[in-house]
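Notes to accompany the following structure.
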Amino acid sequence: MEKKDYIAIVQCHLVKQRCSGYMCERAFHERTGGFAHYPADKTYRTLYMTCGGCCGRALHRKLGNLVRKIKTKEGIEKDRIVVQLSSCITRDNYHGPCCPHLDYLKELIGRLGLDVRETTSISLKAEGRRQAGRYKTRQKAD
Ligand code: SF4
Ligand code: SF4
Numbered sequence: 042m043e044k045k046d047y048i049a050i051v052q053c054h055l056v057k058q059r060c061s062g063y064m065c066e067r068a069f070h071e072r073t074g075g076f077a078h079y080p081a082d083k084t085y086r087t088l089y090m091t092c093g094g095c096c097g098r099a100l101h102r103k104l105g106n107l108v109r110k111i112k113t114k115e116g117i118e119k120d121r122i123v124v125q126l127s128s129c130i131t132r133d134n135y136h137g138p139c140c141p142h143l144d145y146l147k148e149l150i151g152r153l154g155l156d157v158r159e160t161t162s163i164s165l166k167a168e169g170r171r172q173a174g175r176y177k178t179r180q181k182a183d
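Counting from 42, one number per residue, gives the positions in the sequence shown under my numbering.
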């Protein structure tokens, strides 16, 4: 994590049809939820994008474009980039179960040689529902 200074935040294309993404942005700003491990005193650049829609295959092209452009324009190598998958992709929540293509998305990201982390905003209400068994939980990879 020390080497990372560029975060590509990937959100569910379907959910983003009605969500501004504010809770993701706030979680990063406050370094909570999936961003709790990012030092508050370090400056990161961020880029928000959606997966491009089911099955998520467009994400490979989008992130591939980022990797090429950022290397060409600024000499930034991919080992400085981390991909952060939003909570609506990685967790059962108000919007629905986690993405059925989650493993596929992670494979696409892995094929680009990019590191990936899971989860952005964590809602207290949703966490309560997970603990109560109303929302499913799954093994997290990060
Ligand atoms: S995690 Fe929440 S705020 Fe972020 S894109 Fe998904 S639904 Fe919107
Ligand atoms: S592939 Fe997953 S993250 Fe992308 S739109 Fe479909 S359900 Fe959402």
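The beta carbon of each residue, even a glycine, is placed where N, CA and C say it ideally should be. Since we're looking at a predicted model, the values are computed, not measured.
- With distances taken between CA atoms, His136 lies nearest to Cys53 out of Cys53, Asp144, Glu115, His142.
- Distance from the C-beta of Cys95 to the nearest heavy atom of ligand 2 is below 7 Å.
- Three or more Cβ pairs drawn from the stretch 109 to 122 and the stretch 153 to 164 lie within less than 8 Å of each other, which places the two stretches in contact.
- When distances are taken from the beta-carbon of Cys139 to the heavy atoms of ligand 1, even the shortest one reaches 7 Å or more.
- Between ligand 1 and the CB of Tyr176, the shortest heavy atom gap is not smaller than 7 Å.
- Rounded to whole angstroms, the Cβ separation of Lys57 and Thr91 is 5 Å, and the two are in contact under 8 Å.
- Around the beta carbon of Ser127, a 10 Å sphere encloses 16 or more other beta carbons of the protein chains shown; the residue is thus reported as buried.
- One thing to note: Arg72 has its Cβ within 8 Å of the Cβ of Tyr79.
- Ile48 sits in a strand when the DSSP states are folded into three classes.
- Val124 is the residue among Arg170, Val124, Arg109, Leu88 whose C-alpha sits nearest the C-alpha of Gly151.
- Distance from the CA atom of His142 to the CA atom of His101, rounded to whole angstroms, is 13 Å.
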